[in-house]
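First comes the structure, then the notes that go with it.
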Amino acid sequence: MVEGTVESIEIRADPSQVFAVASDLDSYTQWATGVKEIEVLEKDQKGRPARARFVVDGMIKEITYVLKYSYDEPHSMTWVAEPGPDLKELEGSYVFNEISDGRTEVVYGLRVEPSFTIPGFLRRQAEKQLVGTALRGLRKRVEQLDR
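Be aware that the sequence shown starts at 884, since it is given in the working numbering, and climbs by one per residue.
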């Protein structure tokens, strides 16, 4: 089992607003650093992405993968990658915890094991950078749309 990264951030919006932005995969290329392309392959009964193909700048190389999504709206969303040439495993989640004054604590957990060789300390460093950047991008996007 590979170690993962967990970080959190506060956003000035309620969980429903944060969930709406986080689950709008089509907009990720506008705010999620490193996401070059997304194609929603399947939607669930509520019209949310159930499977999506991503192309991202993986720092070392461009990485393509397909994620399967599950939702507990507006409390959380989770995803797991289908095995592919670039990733052995990828699991992630956002948890949206309501806190006082209409704010939300977002907890992002991510565990990645690439298919290509990369020293463990570099993988963990990249994972931490990815999580931190994603959380800051999510906060900026939510707070821009809330104006």
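Virtual Cβ for every residue (Gly too), placed ideally from N, Cα, C.
Measure from the alpha carbon of Arg994 to the alpha carbon of each residue in Val904, Arg1006, Ala903, Asp984, then state which is nearest.
Translated into positions along the sequence shown, residue 994 becomes position 111. The shortest C-alpha separation from Arg994 is found at Arg1006.
Let's see if you can read the secondary structure: which residues bound the alpha helix (DSSP H) around Thr888?
On the sequence shown, position 5 is the one that residue 888 refers to. Segment 888-894 is the beta strand (DSSP E) holding Thr888; no alpha helix (DSSP H) there.
Helix, strand or coil for Glu1026 per DSSP?
Sequence index remark: in the sequence shown, residue 1026 carries index 143 (1-based). Helix, per DSSP.
Please specify which runs of the beta strand (DSSP E), each continuous and at least 3 residues long, are wholly inside the segment 915-986, giving them in chain order.
Counting whole runs of 3 or more residues, the segment 915-986 contains the beta strand (DSSP E) stretches 918-926, 932-940, 945-955, 959-964, 970-982.
How big is the Cα-Cα spacing for Val923 and Gly992?
For the purposes of this step, residue 923 is identified with residue 40 of the sequence shown, where counting begins at 1. For the purposes of this step, residue 992 is identified with residue 109 of the sequence shown, where counting begins at 1. For Val923 and Gly992, the distance between alpha carbons rounds to 22 Å.
Could you tell me the alpha carbon to alpha carbon distance between Gly1015 and Phe902, rounded to whole angstroms?
One-based indexing of the sequence shown puts residue 1015 at position 132. One-based indexing of the sequence shown puts residue 902 at position 19. For Gly1015 and Phe902, the distance between alpha carbons rounds to 18 Å.
Using a Cβ distance threshold of 8 Å, determine whether the segment 973-985 contacts the segment 952-962, with at least three qualifying pairs required.
Cβ pair count under 8 Å is three or more, so yes.
Mapping DSSP to helix, strand and coil, what is Met884?
Mapped onto the sequence shown, residue 884 falls at position 1. Residue placement at Met884 cannot be trusted, given a pLDDT of 34 that sits under 50; what the coordinates show is reported in the next sentence. In the structure shown, Met884 sits in coil (DSSP, three-state: anything other than H, G, I, E or B).
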